[in-house]
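S.K.: In terms of this note's numbering, the sequence shown is residues 12 to 242.
Attaching a single structure in structure tokens format; questions to follow.
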Amino acid sequence: MKIEVWSDYVCPFCYIGKRRLEEALEQFPHADNVEVEFKSFELDPNAPTTDSRSIYEVLAKKYSMPLEQAKTTTAQVAAQARTVGLDYDFDNMVVTGTLDSHRLTHYAKTVGKEKALSEALLKAYFVDAKHIGDHDVLVEIATSVGLDADAVRDVLASDIYTEDVRAEEKRASDLGITGVPFFVFDNKYGVSGAQPTEAFTQVLEKTWAESAPTLQVLSGGATCTDDNCDI
Numbered sequence: 012m013k014i015e016v017w018s019d020y021v022c023p024f025c026y027i028g029k030r031r032l033e034e035a036l037e038q039f040p041h042a043d044n045v046e047v048e049f050k051s052f053e054l055d056p057n058a059p060t061t062d063s064r065s066i067y068e069v070l071a072k073k074y075s076m077p078l079e080q081a082k083t084t085t086a087q088v089a090a091q092a093r094t095v096g097l098d099y100d101f102d103n104m105v106v107t108g109t110l111d112s113h114r115l116t117h118y119a120k121t122v123g124k125e126k127a128l129s130e131a132l133l134k135a136y137f138v139d140a141k142h143i144g145d146h147d148v149l150v151e152i153a154t155s156v157g158l159d160a161d162a163v164r165d166v167l168a169s170d171i172y173t174e175d176v177r178a179e180e181k182r183a184s185d186l187g188i189t190g191v192p193f194f195v196f197d198n199k200y201g202v203s204g205a206q207p208t209e210a211f212t213q214v215l216e217k218t219w220a221e222s223a224p225t226l227q228v229l230s231g232g233a234t235c236t237d238d239n240c241d242i
């Protein structure tokens, strides 16, 4: 089974949804046969690398709400995050664009480190309040999961993998995905948002039941097992 996950590194529900999917997979008896692949999605492709505004100011403007309401809303999200063991630091969060983070993830995929890097980037942004648009910070994060520093700098200094990011975003658009996180199971079922763990479990079971080969026994008779023969 293959699960494709469209997400962004500055989407608070993406990290929560990732944890809930992981919880469901921990309980799923066929987890070893499940491949999870993360796909690029920028919530704001035009976001600047450096933005001096707080996350509260950004949200207040985006959703036309008072600053205090933005703080209340993020506090509610932080409470959800704590239920899956994540301690969000909205007060110190650094607003930035994520194209370079996504490009770097595509590079990490070529050396088998994309899952480790995705987790490290989400943690860096939401828990550690690091500036994941800053190249020096990205090098630090990437090397912490075993990527080569010089190779990472070369990627960041170029525009390589930009087309890969755009291709995944186009596929999301073709699928009608307008928000993240969005989970696609075997290109058959879509789950939108950070659903409860139980919802992921149900989709996992349904998808597996429909994709795994089954044998329909039409009639019974005398059989032999490892231990004995039914004569």
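Heads up, the beta-carbon is just placed ideally off N, CA and C, and yes, glycines get one too.
Does the stretch 136-146 come into contact with the stretch 96-104, if we say contact requires no fewer than three beta-carbon pairs (one atom in each stretch) closer than 8 Å?
M.R.: yes
S.K.: Report the residue ranges of all beta strand (DSSP E) runs contained in full by the stretch 35-77; include only those spanning at least 3 residues, in chain order.
M.R.: 46-51
S.K.: Does A86 pass the burial test, meaning 16 or more other C-beta atoms within 10 Å, or should it be called exposed?
M.R.: exposed
S.K.: Give a yes or no on contact between the stretch 46-54 and the stretch 197-217, applying the rule of three or more CB pairs nearer than 8 Å.
M.R.: no
S.K.: Taking the CB atoms as reference points, tell me whether I152 and V105 lie closer together than 9 Å.
M.R.: no
S.K.: Using alpha carbons as the reference points, say which of D185, P77, D145 and N103 lies closest to S65.
M.R.: N103
S.K.: What do you reckon, are the CB atoms on G204 and F24 nearer than 9 Å?
M.R.: Contact flag set, yes.
S.K.: For T154, which of I171, V122 and G187 has the nearest alpha-carbon?
M.R.: V122
S.K.: Among the candidates S75, R30 and M76, whose CA atom is the shortest distance from the CA of R247?
M.R.: The chain is shown only over 12 to 242; residue 247 falls outside these bounds and no answer can be derived.
S.K.: If we count the other Cβ atoms within 10 Å of its Cβ and call it buried at 16 or more, is K217 buried or exposed?
M.R.: exposed
S.K.: Could you check where the alpha helix (DSSP H) with K13 kicks off and where it finishes?
M.R.: From DSSP, K13 is part of no alpha helix (DSSP H) but of the beta strand (DSSP E) over K13 to S18.
S.K.: Where do the ends of the alpha helix (DSSP H) carrying F194 lie?
M.R.: Here F194 belongs to no alpha helix (DSSP H); instead the beta strand (DSSP E) covers F193 to F196.
S.K.: With three or more C-beta pairs closer than 8 Å as the rule, is the stretch 66-79 touching the stretch 109-129?
M.R.: Contact fails: fewer than three Cβ-Cβ distances are below 8 Å.
S.K.: Looking at the secondary structure, which residues open and close the beta strand (DSSP E) in which S129 lies?
M.R.: Element bounds for S129: not the beta strand (DSSP E) but the alpha helix (DSSP H), E125 to F137.
S.K.: Relative to the C-alpha of D197, which residue among L115, L78, S222 and D147 is closest?
M.R.: Per the Cα distances, S222.
S.K.: For V202, report the span of its beta strand (DSSP E) as first-last.
M.R.: Y200 to S203
S.K.: Quick check: what's the CA-CA separation for R177 versus L186?
M.R.: 14 Å
S.K.: When you compare the CB positions of L133 and L149, do they come within less than 9 Å of one another, or not?
M.R.: no
S.K.: Compare the beta carbon distance of L158 and Y200 with 9 Å and say whether it is the shorter of the two.
M.R.: no
S.K.: A35 and T208: beta carbons closer than 9 Å?
M.R.: Yes, the Cβ-Cβ distance between A35 and T208 is below 9 Å.
S.K.: Apart from the five residues just before and just after V88, which ones in its own chain have a Cβ nearer than 6 Å to its Cβ?
M.R.: P23
S.K.: Who are the near neighbours of K141 in its chain, counting only those whose CB is closer than 6 Å to its CB and skipping five residues on each side?
M.R.: A135 and V148
S.K.: According to DSSP, simplified to helix, strand and coil, what is L97?
M.R.: coil
S.K.: Whole angstroms is fine: what's the gap from Q80's alpha carbon to F101's?
M.R.: 14 Å
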